[in-house]
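Encoded structure:
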């Protein structure tokens, strides 16, 4: 990550604009134990209170890191029940990084945000249909499977 | 020898890339400071646990 992803200009710009970055060695005391870090790189997204909402383990290219960070932002907003704000990050992710590993989960979460905002099942069904059409083998397609009946 | 050359070239390439961008990520190293900034700037915190090797 330090050699390829973090020096990338887009990654630098994204992190500067959207996040407060902190870098710690894998054996940092007490945080490595507190956050149960077992392998690196481990990227953990926290809210302003220090609560974890998203985590990845292993190398991510710039094209995968940015959508993963957008997903992390969306999860924070979702967990805080700010669905409109979560949707902004999810739409940006799906517009700019539709082929990324984070995209299927973003579609799933967009469907749930839509449902929570409107109290109608349509966004859930749409999420399943998009996942089934474009990401057939994703675990998120399987998780959305019941929504086909809505 | 070859391993040393590769390592040296890799570092050189990385440094050139950074210089060309004229920028790097300004990492915090203290969580309390990062959280304080996060509240002030209303941004989430990205924590990177890495292996300095």
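Chains as they are written, first to last, in my numbering: chain A, 1433 to 1582; chain E, 10 to 62. C-beta atoms are modelled at their ideal positions from N, C-alpha and C, and glycine is treated no differently.
| field | Nearest residue (CA-CA) to residue 34 of chain E, options A:1450, A:1481, A:1459, A:1462 | value | Selected option, being the one with the closest Cα: A:1450.
| Extent of the continuous alpha helix (DSSP H) to which residue 1508 of chain A belongs | DSSP places residue 1508 of chain A in the uninterrupted alpha helix (DSSP H) bounded by 1494-1511.
| query | Do the CB positions of residue 1472 of chain A and residue 59 of chain E come within less than 7 Å of each other? | reply | Their beta carbons are under 7 Å apart, which means residue 1472 of chain A touches residue 59 of chain E by this criterion.
| task | Closer than 8 Å, Cβ to Cβ, to anything on chain E: give me those residues from the segment 1498-1511 of chain A, in chain order. | result | Cβ contacts with chain E come from 1501, 1504, 1505, 1508.
| query | Which stretch, first to last residue, makes up the beta strand (DSSP E) that contains residue 1564 of chain A? | reply | According to the DSSP assignment, residue 1564 of chain A belongs to no beta strand (DSSP E) but to the alpha helix (DSSP H) extending over 1554-1566.
| query | Are the C-beta of residue 63 of chain E and some C-beta of chain A separated by less than 7 Å? | reply | Not covered by the structure: residue 63 of chain E. The range shown for chain E is 10 to 62.
| message | For a test of the three-state rule: what should DSSP assign to residue 59 of chain E, helix, strand or coil? | response | Residue state, collapsed to three classes: strand.
| request: Report yes or no: is there a C-beta of chain E within less than 7 Å of the C-beta of residue 1514 of chain A? | output: Chain E contact via Cβ: absent.
| said: So residue 44 of chain E contacts chain A; which residues on that side make the cut at Cβ distance below 7 Å? | reply: Within 7 Å of the CB of residue 44 of chain E, the CB atoms of chain A belong to 1480, 1482, in sequence order along the chain.
| Among residues of its own chain, excluding the 5 on either side of residue 1484 of chain A, which ones have a beta-carbon nearer than 8 Å to its beta-carbon? | Closer than 8 Å at the Cβ level, and outside the excluded window around residue 1484 of chain A, lie 1467, 1476, 1477, 1478.
| query | Start and end of the alpha helix (DSSP H) containing residue 1484 of chain A? | reply | For residue 1484 of chain A, there is no enclosing alpha helix (DSSP H); the residue is part of the beta strand (DSSP E) that begins and ends at 1484-1489.
| Beta-carbon neighbours of residue 32 of chain E, restricted to chain A and to distances below 7 Å | Chain A residues near residue 32 of chain E: 1444.
| Are three or more beta carbon pairs between the segment 1436-1443 of chain A and the segment 1563-1580 of chain A nearer than 8 Å? | Of all C-beta pairs linking the segment 1436-1443 of chain A to the segment 1563-1580 of chain A, fewer than three are shorter than 8 Å, placing the two stretches out of contact.
| Does the beta carbon of residue 1477 of chain A sit closer than 7 Å to a beta carbon anywhere in chain C? | Looking for chain C here will not work: the only protein chains present are A and E.
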